[in-house]
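Participant: Protein chains in written order, with our numbering: chain A, 1 to 383; chain B, 384 to 453. Dumping the structure here so I can ask a few things about it.
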């Protein structure tokens, strides 16, 4: 079948970091290339959709658009998180337009077909004529909501749209093992511990910037006083994940100088002053520190538009709001400092002779690792 | 249907008062003079009860099932 766009050359990306170029401009500015890439990178892998804290109570449901697809995140009556297509199996009507708590059943606003929070079709009013609510051709067991494959890790709701990716725990086994010490309950800080940032940029640029520490002294000079470039190290697992770590993390302190937040339990000495910031490919940025963690789910709104959904978590549900507020504000300042960089690179991708750029073999390997992974997914997709 | 009850149902719809709709459609079903009319109104009452997890849900469903309508 003829394509309405020119496939990019990804061979120069999949070279050793010393020789590699980054992904071509089209992956950032061309909707058709972005659409192809999304099939390979966002739909056939485990992409981050939301966090469990978005639907904290039984029956909470939230409609979410993901790559134009209408989805519904719901915490069912037993507390299990589920993702469905947000449409009625009858005429494809959108079920929920806004977040709400489902008290009993999800009722389609069109003809009132009703579904349980587990997606089961439970009633089809008048389907056999007025007052006749069954019909032999409408088999309820066959017409439950279409469920999207999902997996929850560190409260992040990951989805596999294609339905055929290897198990999440298989794909991310090394990362799960790396952070096994943090495998303890996470408590979202609540309304004061979440915020969103809108980027006029492709989501990959946010990943690329997040992965490396090279930019820290220039873009985040406030960190230089205690967290210098040489205190950081690269985290590079080709084909899997990448990011950066620091050896000088300072525990967050309250006004009186005491620890503001309790530590996650049973951490080894490594984490006394260690912290790590890793991208779960393709679109989830995670950070772990002894006393709190954060998650950034990158929502790809379009090839040139992204929303960062940022959430802060603690080891206890008993933390002071004033401390959480200060922590949130400080992180927000840091993440806002990155916006001009990400948007500047997006603008830069319109330079026709830009060849994807080059990587510092010493400082940029985590970013190259991400490019290499994206290119690998595309190559596999193209066959 | 009784005109007053009809008005109450329209008002409840206008207010999107679904609990009231369960009650009012149940009453309309109780007043119906034939099975088809009863099941027509029972269907509305049942659907709104399902949506709300209303305590009358099981009873309404049982009535429909008994008529072979659910």
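Ideal placement from N, C-alpha and C gives every residue a C-beta, glycine not left out. Note that the coordinates shown come from a computational prediction; the quantities given were computed from them, not determined experimentally.
Reducing DSSP to helix, strand and coil, say where residue 129 (chain A) ends up.
Facilitator: Residue numbering aside, residue 129 (chain A) sits at position 129 when the first chain is read from its first letter. Here residue 129 (chain A) carries a strand assignment [DSSP, helix/strand/coil].
Participant: Which of the three DSSP states, helix, strand or coil, is assigned to residue 60 (chain A)?
Facilitator: Taking the first residue of the first chain as position 1, residue 60 (chain A) is located at position 60. It is a strand residue.
Participant: Taking the C-alpha atoms as reference points, what is the distance between residue 259 (chain A) and residue 266 (chain A)?
Facilitator: Reading the first chain from its first residue, position 259 is the one you call residue 259 (chain A). Reading the first chain from its first residue, position 266 is the one you call residue 266 (chain A). Cα-Cα distance, rounded: 17 angstroms.
Participant: Tell me the rounded alpha-carbon separation between residue 2 (chain A) and residue 69 (chain A).
Facilitator: Taking the first chain and counting its residues from 1, one reaches residue 2 (chain A) at position 2. Taking the first chain and counting its residues from 1, one reaches residue 69 (chain A) at position 69. Note that residue 2 (chain A) scores a pLDDT of 49, beneath 50, so its modelled location is shaky; the value from the coordinates is reported in the next line. Each residue's alpha carbon lies about 25 angstroms from the other.
Participant: So residue 112 (chain A) is in the alpha helix (DSSP H); what residue range does that whole segment cover?
Facilitator: In the first chain, counting from the first residue as 1, residue 112 (chain A) sits at position 112. Taken as a continuous stretch (DSSP letters only), residue 112 (chain A) belongs to no alpha helix (DSSP H), as it is neither H nor E.
Participant: Got a sec, what are the start and stop residues for the beta strand (DSSP E) residue 326 (chain A) sits in?
Facilitator: Against the first chain, residue 326 (chain A) aligns to sequence position 326. In the DSSP assignment, residue 326 (chain A) falls outside any beta strand (DSSP E) and lies within the alpha helix (DSSP H) extending over 321-337.
Participant: Using the three-state DSSP reduction, which class does residue 198 (chain A) fall into: helix, strand or coil?
Facilitator: Residue 198 (chain A) sits at position 198 when you count from the first residue of the first chain. The three-state secondary structure of residue 198 (chain A), taken from DSSP, is strand.
Participant: Anything in chain A within Cβ reach of residue 430 (chain B), meaning under 8 angstroms, just list it in chain order.
Facilitator: Locating residue 430 (chain B) in the second chain gives position 47, where the first residue counts as 1. The answer, in chain order, is 107, 112, 114, 123, 125.
Participant: Determine which residues of the stretch 398-418 of chain B have a Cβ less than 7 angstroms from any Cβ of chain A, and write them out in chain order.
Facilitator: none
Participant: Which residue from A:20, A:56, A:262 puts its Cα closest to that of residue 156 (chain A)?
Facilitator: Looking up residue 156 (chain A) in the first chain gives position 156. Looking at the Cα atoms, A:56 is the closest of the given residues.
Participant: What residues in its chain sit with their C-beta under 6 angstroms from that of residue 392 (chain B), if we drop five residues either side in the sequence?
Facilitator: Locating residue 392 (chain B) in the second chain gives position 9, counting from the first residue. Cβ within range, chain order: 407.
Participant: At the 8 angstroms Cβ level, is residue 447 (chain B) part of the contact set with chain A, yes or no?
Facilitator: Taking the second chain and counting its residues from 1, the one referred to as residue 447 (chain B) is at position 64. Cβ-Cβ to chain A under 8 angstroms: yes for residue 447 (chain B).
Participant: Are there 16 or more other CB atoms within 10 angstroms of the CB of residue 172 (chain A), so buried, or fewer, so exposed?
Facilitator: Your numbering for residue 172 (chain A) matches position 172 in the first chain. Looking at its Cβ environment, which holds 16 or more other Cβ atoms inside 10 Å, residue 172 (chain A) is buried.
Participant: Determine the direct distance from the alpha carbon of residue 96 (chain A) to that of residue 8 (chain A), and round the result to whole angstroms.
Facilitator: In the first chain, counting from the first residue as 1, residue 8 (chain A) sits at position 8. In the first chain, counting from the first residue as 1, residue 96 (chain A) sits at position 96. Cα to Cα, the separation comes out at about 38 angstroms.
Participant: What residues are listed by DSSP as bridge partners for residue 234 (chain A)?
Facilitator: As a first step, residue 234 (chain A) must be located in the first chain, where it is residue number 234. The partner list for residue 234 (chain A) (beta bridge, DSSP) reads A:244.
Participant: Please list the partners that residue 426 (chain B) has in chain A, where partner means a Cβ-to-Cβ separation under 7 angstroms.
Facilitator: Here the question's residue 426 (chain B) lines up with position 43 in the second chain. Those are 125, 126, 131, 133, listed as they occur along chain A.
Participant: Residue 246 (chain A): buried (16+ other C-beta within 10 angstroms of its C-beta) or exposed?
Facilitator: Within the first chain, residue 246 (chain A) is the residue found at index 246, counting from 1. The residue is buried, with at least 16 neighbouring Cβ atoms inside 10 Å.
Participant: Helix, strand or coil for residue 370 (chain A), going by three-state DSSP, please let me know.
Facilitator: For the purposes of this step, residue 370 (chain A) is identified with residue 370 of the first chain, where counting begins at 1. DSSP places residue 370 (chain A) in helix when its eight states are reduced to three.
Participant: Out of A:21, A:335, A:102, A:91, state which residue places its alpha-carbon closest to the alpha-carbon of residue 219 (chain A).
Facilitator: Along the first chain, one-based indexing puts residue 219 (chain A) at 219. Closest option to residue 219 (chain A), Cα to Cα, is A:335.
Participant: If the criterion is Cβ atoms closer than 8 angstroms, does the pair residue 67 (chain A) and residue 84 (chain A) meet it?
Facilitator: Position 67 of the first chain, counted from the start, is the residue given in the question as residue 67 (chain A). Position 84 of the first chain, counted from the start, is the residue given in the question as residue 84 (chain A). The answer is no: Cβ separation not under 8 angstroms.
Participant: For residue 149 (chain A), report the span of its beta strand (DSSP E) as first-last.
Facilitator: Mapped onto the first chain, residue 149 (chain A) falls at position 149. That run of the beta strand (DSSP E) goes 147-153.
Participant: Is there a Cβ of chain B sitting closer than 8 angstroms to that of residue 103 (chain A), yes or no?
Facilitator: Here the question's residue 103 (chain A) lines up with position 103 in the first chain. Output row for residue 103 (chain A): interface = yes.
Participant: Buried or exposed: which applies to residue 150 (chain A), given that a residue is buried once 16 or more other Cβ atoms fall within 10 Å of its Cβ?
Facilitator: Taking the first residue of the first chain as position 1, residue 150 (chain A) is located at position 150. So residue 150 (chain A) ends up on the buried side.
Participant: Beta-carbon separation of residue 133 (chain A) and residue 426 (chain B) under 8 angstroms?
Facilitator: Position 133 of the first chain, counted from the start, is the residue given in the question as residue 133 (chain A). Position 43 of the second chain, counted from the start, is the residue given in the question as residue 426 (chain B). Yes, the Cβ-Cβ distance between residue 133 (chain A) and residue 426 (chain B) is below 8 angstroms.
Participant: Using 8 angstroms as the threshold, is the C-beta distance between residue 343 (chain A) and residue 200 (chain A) below it?
Facilitator: As a working note, residue 343 (chain A) is residue 343 in the first chain. As a working note, residue 200 (chain A) is residue 200 in the first chain. Taking 8 angstroms as the cut-off, the Cβ atoms of residue 343 (chain A) and residue 200 (chain A) count as close.
Participant: Hey, is the stretch 268-279 of chain A in contact with the stretch 395-402 of chain B, meaning 3+ C-beta pairs nearer than 8 angstroms?
Facilitator: no
Participant: May I have the straight-line CA-CA distance separating residue 448 (chain B) from residue 422 (chain B), to the nearest angstrom?
Facilitator: Along the second chain, read from residue 1 onward, the residue named residue 448 (chain B) stands at position 65. Along the second chain, read from residue 1 onward, the residue named residue 422 (chain B) stands at position 39. If I take the Cα positions, the gap works out to 10 angstroms.
Participant: So the candidates are A:209, A:324, A:370, A:297; which of them puts its Cα closest to the Cα of residue 154 (chain A)?
Facilitator: Here residue 154 (chain A) corresponds to residue number 154 of the first chain, with the count starting at 1. The candidate whose alpha carbon is nearest that of residue 154 (chain A) is A:297.
Participant: Starting from the beta carbon of residue 436 (chain B), find every residue of chain A whose beta carbon is closer than 7 angstroms, and list them in chain order.
Facilitator: In the second chain, residue 436 (chain B) corresponds to position 53, counting from 1. Neighbours of residue 436 (chain B) on chain A, chain order: 103, 104.
Participant: In chain A, which residues lie with their C-beta within 9 angstroms of the C-beta of residue 443 (chain B)?
Facilitator: The residue labelled residue 443 (chain B) in the question sits at position 60 within the second chain. Neighbours of residue 443 (chain B) on chain A: none; closest Cβ ~11 angstroms, over 9 angstroms.
Participant: Would you report the Cα separation of residue 347 (chain A) and residue 210 (chain A), rounded to the nearest angstrom?
Facilitator: Stepping through the first chain from its first residue, residue 347 (chain A) is reached at position 347. Stepping through the first chain from its first residue, residue 210 (chain A) is reached at position 210. Rounded to the nearest angstrom, the two C-alpha atoms are 18 angstroms apart.
Participant: Going straight from the alpha carbon of residue 262 (chain A) to that of residue 291 (chain A), what length do you get?
Facilitator: On the first chain, residue 262 (chain A) is found 262 positions in, with the first residue counted as 1. On the first chain, residue 291 (chain A) is found 291 positions in, with the first residue counted as 1. Spanning the two alpha carbons is a distance of roughly 6 angstroms.
Participant: From residue 323 (chain A) to residue 313 (chain A), what distance separates their C-alpha atoms?
Facilitator: Along the first chain, one-based indexing puts residue 323 (chain A) at 323. Along the first chain, one-based indexing puts residue 313 (chain A) at 313. Each residue's Cα considered, the two are about 13 angstroms apart.
Participant: Would the stretch 301-321 of chain A count as touching the stretch 177-195 of chain A if we require 3 or more Cβ pairs under 8 angstroms?
Facilitator: yes
Participant: Anyone know if the C-beta pair for residue 106 (chain A) and residue 114 (chain A) falls short of 8 angstroms?
Facilitator: On the first chain, residue 106 (chain A) is found 106 positions in, with the first residue counted as 1. On the first chain, residue 114 (chain A) is found 114 positions in, with the first residue counted as 1. Cβ atoms of residue 106 (chain A) and residue 114 (chain A): closer than 8 angstroms.
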